[in-house]
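*Asks:*
Numbering (this note's numbering), first residue to last: -7 to 427.
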């Protein structure tokens, strides 16, 4: 009884329990003497098997008490209810069974001798109580083996669940640090690892559900808090990985745009490229400042160097494109000025009959012929630059130059005295002049 109260963690007076047990044994012995299976009183004191029967019954009582322990708290509840206390309870029962085994073995060894020394009337009773002892002893060992086996299986689940939670928390911590790296390859590797970790996480959640069903809510508060925290961190990591993947795709798209050749003859194309470069510079500059604030080792230094190098390259590209834009704007302004002058000059020649006025206009044509040739020459260079970039010259620019050539050819024809020639002839002459 004392050991049962210990298992159930009930406070009690040990001395009082021992006294009550002693008195109970005396009463039981007296009842045994008066039972119908006992021998007559005048033969009881001389019967050698009587003492063995008492010993067997005391062992059987110990077996019964131990069997009750197997079906008492903390072993009588659900698989994981009061789980931390189950191991000590099973250990106490195991120690009790070991003590009982010594007594059972001693009885088995002395059994034959007692049977031979017993009277014919006593022998059947000895046989019955020993057979019951064997049956109850075997049943106790089977029940203990089953209960201990269940605890071993539950303990393995419990230990593996806690170990996997710890391992996953450590992995997530390392993964969070890797996510702060700008290295695309590290993010790709991390995404592959996360894919493999899905099975572990699903197993953790499944085992936790199993444990929760077999336990009281209060007994699982620590584990529940741990798993809940792990679930939150896992979801946050997956969200961060998805965000990093989307950023990487966006960066690849932006980089593809930056790597594509820009059209040096289109102002809109050049302005768009400059904006992309500035946005990328700002993004990398922000990343570089954050990395500078969070210096944490040689890897971080290498990452900073790589980002700084990329930033310098972007700056060079932006300055180059800005130079192209400036050149295009200057060229366009000069083209517009020369085109306007040619258009005005053509109108003057077409509508003037005054010889002196015509002579003055033609003199101005001679003075500005170099401007026209430079504009056309610069356009030829721009065409070649577009060919290298696998781009076509801006249609708007082509129209302006086409009009300029027509006006220039008209003026040159007028100057050479062919102003009134058929248009087909003038067209051929214009093509010849272009070549």
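Backbone N, C-alpha and C fix where the C-beta goes; we use that ideal spot for every residue, glycine too.
Using CA coordinates, which residue listed in 338, 84 and 189 is at the minimum distance from residue 354?
*Replies:* Residue mapping note: residue 354 aligns to position 362 of the chain shown, counting from 1. When each option's Cα is compared against that of residue 354, the closest is 338.
*Asks:* Apply the 10 Å Cβ neighbour rule to residue 378 and answer buried if 16 or more other Cβ atoms are within range, or exposed otherwise.
*Replies:* Start at 1 with the first residue of the chain shown, and residue 378 comes out as number 386. So residue 378 ends up on the buried side.
*Asks:* So does the region 141 to 149 actually touch the region 158 to 168, counting three or more Cβ pairs closer than 8 Å?
*Replies:* no
*Asks:* Counting only runs of 4+ residues fully inside the region 337 to 390, write out the alpha helix (DSSP H) ranges in chain order.
*Replies:* Those alpha helix (DSSP H) runs which fall completely within the region 337 to 390 and span 4+ residues are 347 to 380.
*Asks:* So within the region 40 to 121, which uninterrupted alpha helix (DSSP H) runs reach at least 4 residues, ignoring any that extend past its ends?
*Replies:* 41 to 62 and 75 to 109
*Asks:* Please identify the residue among 406, 190, 393 and 326 whose C-alpha is closest to the C-alpha of residue 358.
*Replies:* Within the chain shown, the letter at position 366 stands for residue 358. The residue with the shortest Cα to Cα distance from residue 358 is 406.
*Asks:* Could you compute how far the alpha carbon of residue 327 sits from the alpha carbon of residue 177?
*Replies:* Residue numbering aside, residue 327 sits at position 335 when the chain shown is read from its first letter. Residue numbering aside, residue 177 sits at position 185 when the chain shown is read from its first letter. If you take the alpha carbons of residue 327 and residue 177, they lie about 49 Å apart.
*Asks:* Taking DSSP as the reference, what is the three-state secondary structure of residue 255?
*Replies:* The residue labelled residue 255 in the question sits at position 263 within the chain shown. Coil, per DSSP.
*Asks:* What's the C-alpha gap between residue 60 and residue 227?
*Replies:* For this step, residue 60 is matched to residue 68 along the chain shown. For this step, residue 227 is matched to residue 235 along the chain shown. Rounded to whole angstroms, residue 60 to residue 227 spans 47 Å at the Cα level.
*Asks:* Apply the 10 Å Cβ neighbour rule to residue 184 and answer buried if 16 or more other Cβ atoms are within range, or exposed otherwise.
*Replies:* Mapped onto the chain shown, residue 184 falls at position 192. By the neighbour-count rule (16 or more Cβ atoms within 10 Å), residue 184 is not buried but exposed.
*Asks:* Taking DSSP as the reference, what is the three-state secondary structure of residue 173?
*Replies:* As a working note, residue 173 is residue 181 in the chain shown. Reduced to three states, the DSSP call for residue 173 is coil.
*Asks:* For residue 258, which residues from the same chain have a beta carbon less than 7 Å from its beta carbon, with the 5 sequence-adjacent residues on both sides left out?
*Replies:* Here residue 258 is taken as the residue at index 266 of the chain shown, counted from 1. So the qualifying residues of the chain are 386.
*Asks:* Helix or strand or just coil, what does DSSP make of residue 206?
*Replies:* Against the chain shown, residue 206 aligns to sequence position 214. Here residue 206 carries a coil assignment [DSSP, helix/strand/coil].
*Asks:* With 16 as the cutoff for other CB atoms within 10 Å, does residue 261 come out buried or exposed?
*Replies:* As a first step, residue 261 must be located in the chain shown, where it is residue number 269. That one is buried.
*Asks:* Could you check which residue in 16, 187 and 255 has the C-alpha nearest to that of residue 383?
*Replies:* Within the chain shown, numbered from 1, the residue matching residue 383 stands at position 391. The candidate whose alpha carbon is nearest that of residue 383 is 255.
*Asks:* Can you find the residues in the same chain that come closer than 8 Å, C-beta to C-beta, to residue 197, ignoring five residues on each side of it along the sequence?
*Replies:* Start at 1 with the first residue of the chain shown, and residue 197 comes out as number 205. So the list reads 219 and 223, once near-sequence residues are dropped.
*Asks:* May I have the straight-line CA-CA distance separating residue 303 from residue 335, to the nearest angstrom?
*Replies:* Here residue 303 refers to the residue found at position 311 of the chain shown. Here residue 335 refers to the residue found at position 343 of the chain shown. Residue 303 and residue 335: Cα-Cα distance of roughly 47 Å.
*Asks:* Does the region 225 to 239 come into contact with the region 269 to 278, if we say contact requires no fewer than three beta-carbon pairs (one atom in each stretch) closer than 8 Å?
*Replies:* no
*Asks:* Please list, in chain order, all residues of the same chain as residue 33 whose beta carbon is under 7 Å from its beta carbon, the five residues on each side excluded.
*Replies:* By one-based count along the chain shown, residue 33 stands at place 41. Unreliable placement is indicated for residue 33, whose pLDDT of 48 sits below 50; the coordinate value is still reported in the next sentence. There are no such residues.
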